[in-house]
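*Asks:*
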Amino acid sequence: MVTKDFLISILSHCSIIHHTHGRLRVRVSSKIKDELKKINNVEKVDLNKLNQMLQEIKGIKNFKFNSLLGFITIEYDKNEYSKEFWIDIIENKKVENFISKIDEKMKEVL
Numbered sequence: 001m002v003t004k005d006f007l008i009s010i011l012s013h014c015s016i017i018h019h020t021h022g023r024l025r026v027r028v029s030s031k032i033k034d035e036l037k038k039i040n041n042v043e044k045v046d047l048n049k050l051n052q053m054l055q056e057i058k059g060i061k062n063f064k065f066n067s068l069l070g071f072i073t074i075e076y077d078k079n080e081y082s083k084e085f086w087i088d089i090i091e092n093k094k095v096e097n098f099i100s101k102i103d104e105k106m107k108e109v110l
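Each residue of the sequence shown is one higher than the one before, counting from 1 in the UniProt record's numbering.
1. Got a sec, what are the start and stop residues for the beta strand (DSSP E) L11 sits in?
2. Based on DSSP bridge pairs, tell me the residues matched to I74.
3. In three-state terms, what does DSSP make of I16?
4. For S29, which three-state DSSP category applies?
5. Which residue's Cα is closest to the Cα of R27: F65, E56, F6?
6. In three-state DSSP terms, what is L68?
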């Protein structure tokens, strides 16, 4: 389950590199691995499973993680998510709207 505290701790390791309406590139600090281990006792994140889950969310067109360079690229439907929506999440750590939006989108899929 995704909680507010979990998202905020993960997002503290992320920063926006480039953002056009519909495509977002985020740098992920290598320190995120330590955070994941501390929070969930996770040894390794299954990126394929994460990618599959995100692909099922209405409005997320593509999700790519480049572990070598530490980037995440998200392509999204700009009619479903505004540019400001992503900025609020990543820069301002306003995750409440994100959690409710993702819950809403997952219900549409299920």
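For glycine and all other residues, C-beta sits at the position ideal for the given N, C-alpha and C.
Source: prediction; values computed, not measured.
*Replies:* Answer, in terms of the structure:
1. Taking the first residue of the sequence shown as position 1, residue 11 is located at position 11. Counting along the chain, L11 falls outside any beta strand (DSSP E), though it belongs to the alpha helix (DSSP H) covering 4 to 11.
2. As a working note, residue 74 is residue 74 in the sequence shown. Note: I74 sits in a beta bridge opposite L24, F63.
3. Position 16 of the sequence shown, counting from 1, holds the residue named residue 16. The answer is strand: DSSP assigns I16 an E or B state.
4. Your numbering for residue 29 matches position 29 in the sequence shown. Coil.
5. Sequence index remark: in the sequence shown, residue 27 carries index 27 (1-based). When each option's Cα is compared against that of R27, the closest is F65.
6. In the sequence shown, residue 68 corresponds to position 68, counting from 1. Note: L68 maps to coil in three-state DSSP.
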